[in-house]
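Heads up: the sequence lines are chains A and B, in that order.
So that you can map any letter, position 207 of the first sequence is 351 in the numbering used here, and since no number is skipped, the others follow by simple counting.
So that you can map any letter, position 302 of the second sequence is 311 in the numbering used here, and since no number is skipped, the others follow by simple counting.
The next block holds one structure in the form of structure tokens; read it before the comments.
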Amino acid sequence: MSASDRIRRPPLDRTEPIRAWSSLFGAGPLNDVVTRSVELGYRVVDEYIRQGQKAAARFGSPSLGTETMASDMQDLGVRMVQYTSDVFGLWFEMMNVMLAGGSPFRPGNGIAAPPPPAEPPPPTRAAPADGGGARVRVEVASTRPAEVSVDLRPDAAGRRLVVHGLRAVDPAKPRLADVSIVADGDQVTVRVRVPPDVPAAVYNGLIVDEETSRPAGTVSVRIAP
Amino acid sequence: MTAAAAPNLVVTTLGEYGQLTRAALADYLRPREPRRHLYDLVADYPQRGGRMLRPSLCIATARAFGADGEDAVCSAAALELLHNAFLVHDDVEDESDERRGRPTLHALHGVPVAVKVGDALTLLGLRALIDNRARLGPRLTMLILEEAERMARETVEGQAVELGWRRDNVLDLGESDYLEMVLKKTCWYTTIWPSRVGALIGTRSDRDLDRFIRFGFFLGAAFQIQDDLLNLLGDPARYGKEIDGDIWEGKRTVMLIHLLGAASADERARLADFLARPRAERSAEDVAWVRGRMDGYSSIEYGRQVAHGLAGASLHEFAAIYGDLPDSRDKRFVDGLVTWVLERA
């Protein structure tokens, strides 16, 4: 049989899987409207988030410290009054009375202390963290300024815990993979090694109870530029 | 998740978490004096039903991140009360005639009474948020209140922008204007707030909540456009609102914005004249003409494609947020919601 007699498959219409937005719901191939809308949507929401972060950086994050909780509530009341009708005013007057009269928001009633201000740690450093009922130890190996925060659910002490690679909001940034957690009785140790070339960002990840596969807390690492 | 299983799971979960929320709502809406002039009317909209999308998303997100469902019930009830408060006031502002298959509250009782009923629903919502304190403690309660304050601010700003467009008969609008407006007016209280608060309750942490803005924005915008499509295409018996009501109200939807851009100069002038008139001076003939032009320029198909594109982006954002979470029914429910918002009738 000569080469020209051989039965050949027709050329393929495509050589890759279809991974288009528009095909997710059974619609036709990717088209201009869908592509443009998604791109526009990302532009709008990313700009919105960027403006929000800029405003937050300008004014600073609100403290949740015990000493400012009452005034925060009053500020919140004033702002909400501006948005809606005068009925809010009455409601927040009641709230002020509640706060003044020894409410659950008074100092020393179980409110978590505000997080410490960002401070570049030395290359290796151990520090206590907010771990509910557990004693938490954080060990950081980094040549760059890094801030590590750990939140543990109160019932996490004594459980077998695991933490996966931490992610930045920007999916293009690599994961912070060298993170581990060891629980020994009521002592929980979180170890983080920051590679020297990791981009500056906030990286977050879940702490998971290995036995139940349920989330048991979060780890957050902020790498300064 | 299989395509066949998704809608069933979504409907079942909406029913279950809706029931949980309704049980909590009953406490806030129990009959009390003054019944005739206030509290019987306050219970009217919540008792007309609804799909319970918002509270269910809040409870499911909290559970997916490790909380007990009960931890999120006060927030879910608060959200439903605030949602109904917004509906009462929106119906007045939009001069709407029907809500959930019945005349609107202001059509039944007059504008002053309806405004007061909306105020009372808002206050009950705040009460429910404060009631979080007993179960979640003061710190988390305060964080949720701050989230509620932001949600209320964003929603009011979005509604103000849309009302301003109608008052000033703004015609020179692009899709990005629409998306910015809908991010604030719809997405914050429909999908962003429920997701953020659910995650806050589940993780006990307010870190990294911005990623829920992306997910909630795409899901909420797809939801809103689908809602606007149903206003044009829905089954009157099931839709519960006036068909073509958005055209009667001159609401700036994606379809209307597309038509404004696609119409000829003469048609655009007629459209501008129609939109400049108060609702009472718009005729059924005019509304039918606008609806016919939307068909003629494929504005409805355009809106459908935009909704599908945004829903696809929300699936992408879902994977980024929930991808590392253990598999659970609640995670699958949130995933399934994306398809559900486009398929609901």
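Cβ coordinates follow ideal geometry from the N, Cα and C atoms, glycine included.
Original post:
Thinking C-alpha only, which one of GLN233/B, THR262/B, ASP304/B is nearest GLU352/B?
Top reply: Sequence index remark: in the second sequence, residue 352/B carries index 343 (1-based). With distances taken between CA atoms, GLU352/B lies nearest to GLN233/B out of GLN233/B, THR262/B, ASP304/B.
Original post:
Are LEU145/B and PHE342/B touching if we call contact CB-CB under 9 Å?
Top reply: Along the second sequence, read from residue 1 onward, the residue named residue 145/B stands at position 136. Along the second sequence, read from residue 1 onward, the residue named residue 342/B stands at position 333. Contact check for LEU145/B against PHE342/B fails: the beta carbons are separated by 9 Å or more.
Original post:
Alpha carbon to alpha carbon, how far is PRO343/A from GLY211/B?
Top reply: Within the first sequence, numbered from 1, the residue matching residue 343/A stands at position 199. Within the second sequence, numbered from 1, the residue matching residue 211/B stands at position 202. Each residue's alpha carbon lies about 28 Å from the other.
Subject >> Element boundaries [alpha helix (DSSP H), containing GLY301/B] >> reply: Along the second sequence, one-based indexing puts residue 301/B at 292. Per DSSP, GLY301/B belongs to the alpha helix (DSSP H) from 293-305.
Subject >> Where ASN348/A sits in the DSSP three-state scheme >> reply: In the first sequence, counting from the first residue as 1, residue 348/A sits at position 204. When secondary structure is reduced to three states using DSSP, ASN348/A falls in the strand class.
Original post:
Using the C-alpha atoms, what's the distance from PRO154/A back to MET160/B?
Top reply: If you number the second sequence from 1, residue 160/B lands on position 151. If you number the first sequence from 1, residue 154/A lands on position 10. When rounded, the separation of the alpha-carbon atoms in MET160/B and PRO154/A is 56 Å.
**OP:** In the DSSP assignment, find the beta strand (DSSP E) that holds VAL280/A and state where it starts and stops.
**Re:** Reading the first sequence from its first residue, position 136 is the one you call residue 280/A. 279-286 is the span of the beta strand (DSSP E), which, as asked, contains VAL280/A.
Subject >> Proximal residues, the region 287-320 of chain B versus chain A, C-beta separation under 8 Å >> reply: For the region 287-320 of chain B, which is checked against every Cβ of chain A, the residues closer than 8 Å are TYR311, GLN314, VAL315, HIS317, GLY318, LEU319, ALA320.
Original post:
Alpha carbon to alpha carbon, what distance is there between THR287/A and VAL338/A?
Top reply: Taking the first residue of the first sequence as position 1, residue 338/A is located at position 194. Taking the first residue of the first sequence as position 1, residue 287/A is located at position 143. So the alpha carbons of these two residues sit roughly 8 Å apart.
Subject >> Assigned secondary structure, SER185/B (DSSP; H/G/I helix, E/B strand, else coil) >> reply: Counting from one through the second sequence, the residue named residue 185/B turns up at place 176. Here SER185/B sits in helix by DSSP.
**OP:** Check the DSSP bridge columns for ILE367/A and list the partner residues they point to.
**Re:** Here residue 367/A refers to the residue found at position 223 when the first sequence is read from its first residue. The bridge partners DSSP lists for ILE367/A are ALA290/A, ALA345/A.
Original post:
Can you tell me the Cα-Cα spacing of TYR311/B and PHE227/B, whole angstroms?
Top reply: Locating residue 311/B in the second sequence gives position 302, counting from the first residue. Locating residue 227/B in the second sequence gives position 218, counting from the first residue. Rounded to whole angstroms, TYR311/B to PHE227/B spans 17 Å at the Cα level.
Original post:
In terms of alpha-carbon separation, which member of THR113/B, LYS194/B, PRO55/B lies closest to ASP36/B?
Top reply: The residue given as residue 36/B occupies position 27 in the second sequence. Closest by alpha carbon: PRO55/B.
Subject >> PRO359/A and LEU350/A closer than 9 Å at C-beta >> reply: As a first step, residue 359/A is located in the first sequence; it is residue number 215 there, counting from the start. As a first step, residue 350/A is located in the first sequence; it is residue number 206 there, counting from the start. For PRO359/A and LEU350/A, yes; Cβs fall inside 9 Å.
**OP:** Indicate whether at least one CB of chain A lies closer than 9 Å to the CB of GLY75/B.
**Re:** To locate residue 75/B, count along the second sequence from 1; it is residue 66. For GLY75/B, a Cβ of chain A is located within less than 9 Å of the residue's own Cβ.
Original post:
Are three or more beta carbon pairs between the region 61-75 of chain B and the region 125-143 of chain B nearer than 8 Å?
Top reply: These segments do not touch.
Original post:
Does the Cβ of SER204/B have 16 or more other Cβ atoms within 10 Å, making it buried, or fewer, making it exposed?
Top reply: The residue given as residue 204/B occupies position 195 in the second sequence. Per the 10 Å Cβ criterion, buried.
Original post:
Looking at C-alpha atoms only, which residue of VAL182/A, ARG152/A, SER181/A, PRO298/A is the closest neighbour of ASP330/A?
Top reply: As a working mapping, residue 330/A is identified with position 186 in the first sequence. Minimum Cα distance to ASP330/A is reached at PRO298/A.
Original post:
So, does the CB of ASP237/B fall closer than 9 Å to a CB anywhere in chain A?
Top reply: As a position in the second sequence, residue 237/B is number 228, starting the count at 1. For ASP237/B, the answer is no, since every Cβ of chain A falls outside 9 Å of its Cβ.
Original post:
From ILE256/B to LEU38/B, what does the alpha carbon distance come to, in whole angstroms?
Top reply: Here residue 256/B refers to the residue found at position 247 when the second sequence is read from its first residue. Here residue 38/B refers to the residue found at position 29 when the second sequence is read from its first residue. Just so you know, the alpha carbons of ILE256/B and LEU38/B end up roughly 34 Å apart.
Original post:
From this set, ILE252/B, LEU238/B, THR164/B, PHE283/B, which residue's C-alpha is nearest THR262/B's C-alpha?
Top reply: Your numbering for residue 262/B matches position 253 in the second sequence. With distances taken between CA atoms, THR262/B lies nearest to LEU238/B out of ILE252/B, LEU238/B, THR164/B, PHE283/B.
Original post:
Buried or exposed: where does GLU294/B fall if 16 or more other Cβ atoms within 10 Å of its Cβ makes it buried?
Top reply: Indexing the second sequence from 1 puts residue 294/B at position 285. Sixteen is the threshold: since fewer than 16 other Cβ atoms of the shown chains lie within 10 Å of the Cβ of GLU294/B, the residue is exposed.
Original post:
Got a sec: is the Cβ-Cβ distance from ILE151/A to anything in chain B below 9 Å?
Top reply: Against the first sequence, residue 151/A aligns to sequence position 7. For ILE151/A, the closest Cβ of chain B is not nearer than 9 Å.
Subject >> According to DSSP, residues forming a beta bridge with ASP295/A >> reply: Translated into the one-based positions of the first sequence, residue 295/A becomes position 151. THR362/A, per the DSSP bridge assignment.
Original post:
Any C-beta of chain A sitting closer than 9 Å to the C-beta of LEU355/B?
Top reply: With chain B covering 10 to 354 only, the question about residue 355/B has no answer from this structure.
Original post:
Residues of chain A with a CB under 7 Å from the CB of PHE227/B: which are they?
Top reply: In the second sequence, counting from the first residue as 1, residue 227/B sits at position 218. Chain A residues near PHE227/B: GLY185.
Subject >> Segment contact flag, the region 140-154 of chain B with the region 178-187 of chain B, C-beta cutoff 8 Å, min 3 pairs >> reply: Cβ pair count under 8 Å is below three, so no.
Subject >> For VAL97/B, the three-state DSSP class (helix, strand or coil) >> reply: Numbered from 1 along the second sequence, position 88 holds the residue referred to as residue 97/B. Residue state, collapsed to three classes: helix.
Subject >> Any chain B beta carbon closer than 9 Å to ASP295/A >> reply: Residue 295/A sits at position 151 when you count from the first residue of the first sequence. Yes, ASP295/A lies at the interface with chain B (some Cβ there is under 9 Å from its Cβ).
Original post:
Quick one: does GLU276/B have its CB under 9 Å from some CB of chain A?
Top reply: As a first step, residue 276/B must be located in the second sequence, where it is residue number 267. Answer no: the Cβ-Cβ gap between GLU276/B and chain A never drops below 9 Å.
**OP:** Look up LEU38/B in the DSSP assignment and say whether it is helix, strand or coil.
**Re:** On the second sequence, residue 38/B is found 29 positions in, with the first residue counted as 1. In this structure, LEU38/B counts as coil in the three-state DSSP scheme.
**OP:** Along the alpha helix (DSSP H) that carries VAL122/B, what are the first and last residues, could you check?
**Re:** Taking the first residue of the second sequence as position 1, residue 122/B is located at position 113. For VAL122/B, the enclosing alpha helix (DSSP H) stretches over residues 120-139.
Original post:
In three-state terms, what does DSSP make of TRP25/B?
Top reply: Here residue 25/B refers to the residue found at position 16 when the second sequence is read from its first residue. One point to set straight first is that residue 25/B is Glu, not Trp, in the sequence displayed. Note: GLU25/B maps to helix in three-state DSSP.
Subject >> Partner residues on chain A for LEU192/B, Cβ-Cβ distance less than 7 Å >> reply: Walking along the second sequence from the start, residue 192/B turns up at place 183. For the C-beta of LEU192/B, the chain A residues within less than 7 Å are, from N- to C-terminus, VAL188, VAL189, TYR192.
Original post:
Just to confirm, are LEU130/B and VAL51/B a CB contact at a threshold of 9 Å?
Top reply: For the purposes of this step, residue 130/B is taken as residue 121 along the second sequence, with counting starting at 1. For the purposes of this step, residue 51/B is taken as residue 42 along the second sequence, with counting starting at 1. In terms of Cβ geometry, LEU130/B and VAL51/B form a close pair [threshold 9 Å].
Original post:
Which same chain residues, not among the five before or five after TYR48/B, have their C-beta less than 7 Å away from its C-beta?
Top reply: Taking the first residue of the second sequence as position 1, residue 48/B is located at position 39. Hits under 7 Å: PRO40, ARG41.
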